[in-house]
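Oh and the sequence shown: position 291 is 291 in full-length UniProt numbering, straight run, nothing missing.
Just so you know, even glycine gets a beta-carbon here, dropped at the ideal spot from N, CA and C.
First comes the structure, then the notes that go with it.
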Amino acid sequence: MDFMDSIRGMSFFDMHVHMTSRTTDDYQAMADAGVVAMIEPAFWLGQPRTGVDSFRDYFASLVGWERFRASQFGIRHYCTIGLNSKEANQEELAEQVMEILPLFIYKEGVVGIGEIGFDDQTVSEEKYYRAQLDLAKEAGLPVQIHTPHRDKKQGTSRSMDIAIEHGIDPGMVIVDHNNEETVRETLDRGFWAGFTIYPFTKMGNERMVEIVKQYGPERIMINSAADWGISDPLAVPKTAALMKQHGISDEAIRLVTFTNAVTAFAQSGQLSLDELSQPLGIDQSQRFNGSSVLRGGQAPRVDKESTIIR
Numbered sequence: 001m002d003f004m005d006s007i008r009g010m011s012f013f014d015m016h017v018h019m020t021s022r023t024t025d026d027y028q029a030m031a032d033a034g035v036v037a038m039i040e041p042a043f044w045l046g047q048p049r050t051g052v053d054s055f056r057d058y059f060a061s062l063v064g065w066e067r068f069r070a071s072q073f074g075i076r077h078y079c080t081i082g083l084n085s086k087e088a089n090q091e092e093l094a095e096q097v098m099e100i101l102p103l104f105i106y107k108e109g110v111v112g113i114g115e116i117g118f119d120d121q122t123v124s125e126e127k128y129y130r131a132q133l134d135l136a137k138e139a140g141l142p143v144q145i146h147t148p149h150r151d152k153k154q155g156t157s158r159s160m161d162i163a164i165e166h167g168i169d170p171g172m173v174i175v176d177h178n179n180e181e182t183v184r185e186t187l188d189r190g191f192w193a194g195f196t197i198y199p200f201t202k203m204g205n206e207r208m209v210e211i212v213k214q215y216g217p218e219r220i221m222i223n224s225a226a227d228w229g230i231s232d233p234l235a236v237p238k239t240a241a242l243m244k245q246h247g248i249s250d251e252a253i254r255l256v257t258f259t260n261a262v263t264a265f266a267q268s269g270q271l272s273l274d275e276l277s278q279p280l281g282i283d284q285s286q287r288f289n290g291s292s293v294l295r296g297g298q299a300p301r302v303d304k305e306s307t308i309i310r
């Protein structure tokens, strides 16, 4: 059976996906699978940036072209804006980025400061993480935390400690890239627990099913974090299908694939459940600064078959 058959009619919110690195056929496939909204956190370029204007143009694309591109496939696009932890280590450039962040964080569609936190857990990363927590507190925006790939448990605990030190309500913080060794502490301390379904590295969706069975769906949300690497932009609907196969209720599935993300990021004032329940009209004759998603009238599409993500 096609995995789509079991989830047909469901709506999904991928709260962490880097669509700048994806193509229009991914947008079409996501729309076909029931993804109605997404959040694109600011992240690194893939190679070191050499100037602040690269950040300026990138942030502008997240609130401009990419928002438009998603709308052309009936998907609402939001973003979080921030200096990511990897690039926080370029201190001279990081200082310049901090100066321009206030120009973007108040724009339409920006639902938080992110993704920020630790990568190698350096002094510079902590410095700019703290500075951006203060910025989020001042703006009244949620915080989307990137937890490190190495020494994850220590980095996750430290991220939460610092957020609390800065007087941030844990209910305003989405701690992402959780796994089995971090989830209990994240939930016990009152933070939102994000899980990334990313092949071979972060979490497989069979493991995710077991986590929902063990901890329940409260304050848990999943995402694809699809980017330039080997990743799957259909990770959220595929995981929903797998949950359904394992007997997890539709109500619980909706919480971890839709409602919890809405509740957490609605605190920004930039999105609401009522808004997301309304279909987004599609008019692919529209243009953004003279550009269209169409090339010779084509409607790109891609079909991906396997449900399991290992």
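Where Asp-14 falls: helix, strand or coil (DSSP): strand
Separation of Gly-171 from Pro-102, as counted between CA atoms: 23 angstroms
Between the CA atoms of Arg-49 and Phe-55 - distance to the nearest angstrom: 8 angstroms
Residue environment, Tyr-106, which counts as buried when at least 16 other CB atoms sit within 10 Å: The residue is exposed, with fewer than 16 neighbouring Cβ atoms inside 10 Å.
Phe-288, DSSP secondary structure in three states: Three-state DSSP puts Phe-288 in a strand.
CB contact flag (Ser-231, Pro-279, <8 angstroms): no
Residue closest to Gly-290, alpha-carbon to alpha-carbon, out of Arg-69, Ala-42, Phe-258, Asp-57: Arg-69
Leu-133 and Ile-168 closer than 8 angstroms at C-beta: yes
Helix, strand or coil at Glu-210 according to DSSP, with G and I counted as helix: In this structure, Glu-210 counts as helix in the three-state DSSP scheme.
Length of the line joining the Cα atoms of Asp-227 and Glu-138: 30 angstroms
Closest residue to Gln-96 among Ala-131, Glu-108, Leu-62, Arg-67 (Cα-Cα distance): Of Ala-131, Glu-108, Leu-62, Arg-67, the residue nearest in Cα terms is Ala-131.
DSSP state of Gly-117 mapped onto helix, strand, coil: strand
Nearest neighbour of Gln-245, chosen from Met-160, Lys-213, Tyr-78, Leu-93 [CA to CA]: Lys-213
Inter-residue CB distance, His-77 and Gly-194 (contact presumed, cutoff 8 angstroms): At roughly 18 angstroms, the Cβ-Cβ gap does not stay under 8 angstroms, so His-77 and Gly-194 are not in contact.
Proximity below 8 angstroms, CB of Ile-162 to CB of Tyr-129: yes
Extent of the continuous beta strand (DSSP E) run through Ala-193: 192 to 196
Three-way DSSP call (helix, strand, coil) for Asn-178 in this model: coil
Nearest-angstrom Cα separation, counted from Ala-94 out to Ser-277: 38 angstroms
Distance CB(Ile-211)-CB(Val-173) smaller than 8 angstroms: no
Top-ranked residue by Cα proximity to Pro-41, from Ser-71, Asp-176, Asp-2: Asp-176
Reduced DSSP category for Arg-219 - H, G, I as helix; E, B as strand; rest coil: coil
According to DSSP, residues forming a beta bridge with Ile-145: Ile-116, Val-175
Beta-carbon spacing of Gly-112, Val-63 below 8 angstroms: no
Glu-251: CB within 7 angstroms of a non-hydrogen atom of the ligand SAM: The ligand content of the structure shown is nil, which means the ligand SAM is not present either.
Whole-angstrom distance between Val-52 and Met-160, CA atom to CA atom: 29 angstroms
Beta-carbon proximity list for Ser-61, same chain, < 7 angstroms, skipping 5 on both sides: Excluding residues within five positions, the ones whose Cβ falls inside 7 angstroms are Thr-20.
Short CB-CB distance (under 8 angstroms) between Val-209 and chain D: This model lacks chain D altogether, as it is built from one protein chain only.
Cβ contact check for the region 27 to 45 and the region 233 to 244: 3 or more pairs under 8 angstroms: Yes, they touch.
Residue burial classification, Gly-281 (beta-carbon count within 10 angstroms, cutoff 16): The residue in question, Gly-281, is exposed, as its Cβ has fewer than 16 Cβ neighbours within 10 Å.
Selected residue, minimal CA-CA separation from Phe-43, among Ala-37, Ser-6, Asp-2, Gly-117: It is Gly-117.
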